[in-house]
Structures are given as structure tokens and as C-alpha cells.
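A quick write-up on the structure given underneath.
Number of protein chains: 2
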Amino acid sequence: MDDLDRRLLDQLQRDAGQTLHELGELVGLSASAVQRRITRYRASGLLTREIAVLDAAKLGGMLFVVLVALERESHEHHRRFAERMRGTPEVQQCYELAGRWDYLVVLSTSDMARCRELGDELFQRDDNVQRYETMPVFDAVKTGLAVSLS
Amino acid sequence: MDDLDRRLLDQLQRDAGQTLHELGELVGLSASAVQRRITRYRASGLLTREIAVLDAAKLGGMLFVVLVALERESHEHHRRFAERMRGTPEVQQCYELAGRWDYLVVLSTSDMARCRELGDELFQRDDNVQRYETMPVFDAVKTGLAVSLS
DNA sequence: GTCGTCCACGCAAAAATCTTGCGCTTCGGC
DNA sequence: GCCGAAGCGCAAGATTTTTGCGTGGACGAC
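Structure (C-alpha cells):
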């Protein structure tokens, strides 16, 4: 993991749609060298996948942020909760937290009503959820999954 | 925006690395038809960009969730705050919220110390930030930017 | 009904990109 | 100094993307 890797990965996090040649010019490598590095990232699991980013606003959808505190915190309870989050398509993101709350969940739904339904289904009905707080998102100021490569 | 579009976009949100032919098989179109639709998504701004997703854990980085409440809520104050978030590379995501908190910020840093520095720089020093609460992320249960296409 | 237009499709050729074999250089261990 | 491993660029070969073209269905005007 040298400086070339960092620059390349940083570039890929920003825009993975460029050609190998373009990427090569940006970091100072030939297309084939770039390609071999990317293959290595993929093989090592460092580069998980490539995804298309859609404009949520243009689709008329809404986002909600939900903070969740569990009642009991056993390993099994956590596993079950996580599994449910992973299995629900409207759950865009879910993080297990340290601190006052146990989970942060980001929901992407078509409207408010669907959010309420989901809240009911995922949190209200689960008697291991002690309390949860739902906040609608006014505006997605910045989105992305880019990790700091310092 | 028909059913084919929804299935195609859904697929692209999950994995944009497939060939047009593969995508075509999944939704029942030829490669060229798939391509023409994707070109349309791009032109209309619906498809913003394609990005590589890296495994944060494999890079040894940490994630933090920060909830922020502002002191004064004028348009200008919001604009300034948002601009600062957009301009900070370690700010992975930032959402303006309705409810008890004004912003949710996701930070990606190399370590705890850097998070503290950032918190200081971005929130502590800003006298329009009334209060903020930082929570380290134990585990990224689910990540992505996939929007519900109902 | 039927004509004409529009739009999206599939097919296939052309263009572009990705992949891989090869020879070269660099670097570290012995 | 010599050897092997690792990474590079170049260029040929394989694959994918892009585009031109002809076809067929939907729809409105007549």
C-alpha cells in the first residue's frame, strides 16, 4: 500500500467510471498497471464492489434517520437485529454504535406513510427495542461512502 | 420510468460493475437497449456517478456518527455549516434533519485522535453549534446508498 | 380503419476498452 | 555479484461498449 495505491483508491472512491487510461494519467501509471492494482484490491477484498449513485430527490423519495436503543444487549439479540436490517431493502445503512444509542439506521422510503409502517415493523413490534427516535431528512448535504485514506 | 427502469436502476445500485449484456439478461433487454437507458439516466441527472466501495475495516479506519444542534437557524448559518461539511474530506455524509437534532454527520478518520481534532475544528470552535454528540461506530452492519424504487 | 410519426427495440459492425503475455528494470537476500 | 520476486510499459488479443440501421408497436389525426 504505497502512495500510488492511496491516490488510485481515492480516485476510485470519487469516480469509478473512468477508463483505466484516465485513471493512469491521474496517478501516473499505465492502464495495465492500474488494472493490475485494481485486480489486487478486488482479490484482497479491499475493493468490495462498484455501485451507481442515484439522485434520491429526483426519484421523489424520502430519507429518515432512526436512532435505536435496545433493551437487552446479548450477542444473540444484536445478531438478530442486524440480520433484520440487512434483510430489509429500505434500510439503506445501519451502524452499531457506542454511546447513548445502540444503532443508527438510515431508511429510504417513497413517503412518510411507508416510513411509519417500517418503523412499526422494524422497531415498535420488536420488544427488544427499548426506544427509538425517527428524524426525517430535510436535505442530503453530502453523501458518499468514501473512506479517509490519510 | 417503467418497470424495466426500476429493475435496471435497482440492479445498478447494487452492482454497477456488470457488463451491459449481463444487466440485459437480468432485466430482459439487449445490451444496446440497456446502454441507451443508462445514457438517459445519466443525461437526466438521475444517475449521478459510479463509485468504488472500499472496506473501511480493512484499511484500519474508524467511523463516527455525530449529531449536531445549531444555536441559530438562519438560512445563512445553515449554508455556512453545509459548506464546511462539503469541504471536509473526512466528512463522509451529512444530512440536515427535522427533529431534536439539526444535522447528522458521519466522519471517516484514521483513528480516535483525528476524530477529536475534527470535532474540535468543525463543531467545538463553531460558536453557532449549540451542542453535539459523537458516537463511535462499532460495526458497519449495512452500508450503501441504494434508494428505494418502490 | 389507416396512415404517418415517434419511440424503443434487436442485431451487427465499428470503436473503445480491458486483459494478458512478454521482456525489462528495480530491489532485497544471500 | 547473482538470483528471484515484484512491478512496470508496451502491444497484441479478447471483450465490451457504442452506433447505424431496419423493424414493429403505440398513438393521434384524418
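If you're matching them up, the sequences are chains R and C in order.
Numbering of the first sequence is given in this note's numbering, commencing with residue 25 and proceeding in unit increments.
Numbering of the second sequence is given in this note's numbering, commencing with residue 25 and proceeding in unit increments.
Beta carbons are placed, not taken as given, at the ideal position from N, Cα and C, and that holds for glycine.
Within a Cβ cutoff of 6 Å, which residues of the same chain sit near residue i, ignoring the five residues on either side of it in sequence?
| i | result |
| --- | --- |
| C/F14 | For chain C, the structure presents residues 25 to 174; residue 14 of chain C sits outside this window and is missing. |
| R/G177 | Chain R is shown only over 25 to 174; residue 177 of chain R falls outside these bounds and no answer can be derived. |
| C/L71 | Y65 |
| R/Q37 | A170 |
Is it buried or exposed for residue i, if we count other Cβ within 10 angstroms and need 16 for buried?
| i | result |
| --- | --- |
| R/M136 | exposed |
| R/M25 | exposed |
| C/R60 | exposed |
| C/T133 | buried |
| R/H99 | exposed |
Beta strand (DSSP E) containing residue i: first to last residue?
| i | result |
| --- | --- |
| R/D163 | 153-166 |
| R/E120 | 115-121 |
| R/A137 | Counting along the chain, R/A137 falls outside any beta strand (DSSP E), though it belongs to the alpha helix (DSSP H) covering 136-143. |
| C/L229 | For chain C, the structure presents residues 25 to 174; residue 229 of chain C sits outside this window and is missing. |
| C/F88 | 86-94 |
If you measure from the beta carbon of residue i to each beta carbon in chain C, is any gap under 7 Å?
| i | result |
| --- | --- |
| R/S162 | A small fix is needed here, since residue 162 of chain R is Phe in this sequence, not Ser. Output row for R/F162: interface = yes. |
| R/V153 | no |
| R/Q116 | yes |
| R/Y156 | no |
| R/A106 | yes |
| R/T133 | yes |
Using a Cβ-Cβ cut-off of 8 Å (strictly less than) and excluding sequence neighbours within five positions of residue i, which residues of its own chain qualify?
| i | result |
| --- | --- |
| R/Q154 | A93, L94, E95 |
| R/L128 | V89, V90, L91, V92, Q117, C118, Y119, L121 |
Give a yes or no on whether 7 Å exceeds the smallest Cβ distance from residue i to chain R.
| i | result |
| --- | --- |
| C/M159 | yes |
| C/A237 | In this structure chain C extends from 25 to 174, so residue 237 of chain C is not present and cannot be described. |
| C/G84 | no |
| C/Q37 | yes |
| C/G69 | yes |
| C/A81 | no |
When DSSP labels each residue in this structure, what does residue i get in the three-state scheme?
| i | result |
| --- | --- |
| C/M109 | helix |
| C/L70 | coil |
| R/A80 | coil |
| R/L173 | coil |
Leaving out five residues on either side along the sequence, give the residues of the same chain with a beta carbon under 7 Å from the beta carbon of residue i.
| i | result |
| --- | --- |
| C/A55 | L44, H45, G48 |
| C/L50 | Q35 |
| R/R30 | L173 |
| R/A40 | E74 |
| C/N152 | L94, E95, R96, H101 |
| C/D163 | none |
| C/E114 | L131, S132, T133, L142 |
Give the range of the alpha helix (DSSP H) segment to which residue i is assigned.
| i | result |
| --- | --- |
| R/L36 | 27-38 |
| C/L53 | Premise fails: C/L53 is in no alpha helix (DSSP H) and is neither H nor E. |
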